[in-house]
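Take any residue in the sequence shown, count from 1 to its spot, add 63: that is its number in the numbering used here.
We put the beta carbon where it would ideally sit given N, CA and C, even for glycine.
None of these values were measured; they are calculated from a predicted model.
Written below as structure tokens is the structure these notes are about.
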Amino acid sequence: MRSVVCPGSFDPVTNGHLDIISRASRLYDEVVVAVLINYSKQGLFTVDERIDMLRDVTQEYGNVRVDKFHGLLVDYCRQHDIPVIIKGLRAVSDFDYELQMAQMNHRMAGVETMFMATNPLYSFLSSSLMKEIAKYGGDISGLVPEIIHERLVRRLSEA
Numbered sequence: 064m065r066s067v068v069c070p071g072s073f074d075p076v077t078n079g080h081l082d083i084i085s086r087a088s089r090l091y092d093e094v095v096v097a098v099l100i101n102y103s104k105q106g107l108f109t110v111d112e113r114i115d116m117l118r119d120v121t122q123e124y125g126n127v128r129v130d131k132f133h134g135l136l137v138d139y140c141r142q143h144d145i146p147v148i149i150k151g152l153r154a155v156s157d158f159d160y161e162l163q164m165a166q167m168n169h170r171m172a173g174v175e176t177m178f179m180a181t182n183p184l185y186s187f188l189s190s191s192l193m194k195e196i197a198k199y200g201g202d203i204s205g206l207v208p209e210i211i212h213e214r215l216v217r218r219l220s221e222a
């Protein structure tokens with residue numbers, strides 16, 4: 064079985080993330096969406112909330128599984144026998160950073176990294192930008208799934 068991991072914080076998941084996940088699901092037998100547990104950073108949503116949201120918005124894909132990890136991504140890949148990481152690239156600045164990571168991951172564990180150009184409709188999206196715009200009442204409809212939009216607005220109104 065050809066497996067790939069799509070890592071990230073997904074705080075929250077955007078339509079840009081879903082574009083990459085969707086396209087990867089057509090290329091691989093299994094796509095593991097792996098949510099990074101970062102103990103030094105406080106997210107807007109807990110890791111378990113992000114996992115629940117990702118499961119909700121990826122349920123239409125029969126070959127997508129959502130999991131979490133902490134530590135090195137290559138260790139996760141080795142433990143789960145996943146030989147490939149897939150990363151979406153929005154801009155040249157993403158490539159500079161991701162290439163360095165890809166080369167290190169390959170050196171450390173022989174894990175390959177596939178880069179997928181983000182759909183131009185979503186090339187400007189980031190989770191932090193979506194949170195910032197929603198915080199001030201800006202319209203992010205069409206940029207995140209509706210269920211995520213509702214949860215994001217609700218969470219920000221609680222803060």
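Can you check which of these residues, 216, 188, 189, is closest to residue 200 by C-alpha distance?
216
Alpha carbon to alpha carbon, what distance is there between residue 135 and residue 208?
29 Å
Is the segment 78-92 in contact with the segment 177-193, if contact means three or more CB pairs nearer than 8 Å?
yes
Let me make sure I understand the geometry here. Which of 219, 152, 173 has the alpha-carbon closest to that of residue 71?
152
Quick check on the DSSP output: the beta strand (DSSP E) that includes residue 131 runs from which residue to which?
127-132
For residue 154, report the span of its alpha helix (DSSP H) as first-last.
No alpha helix (DSSP H) holds residue 154; DSSP gives it neither H nor E.
What would DSSP say about residue 173, mapped onto helix, strand or coil?
coil
Applying the criterion that 16 or more other CB atoms from any shown protein chain within 10 Å of the CB defines a buried residue, is residue 139 buried or exposed?
buried
Please report the Cβ distance between residue 117 and residue 147, rounded to the nearest whole angstrom; I am assuming they are in contact, meaning their Cβ atoms lie under 8 Å.
So it is not a contact: roughly 19 Å between Cβ atoms.
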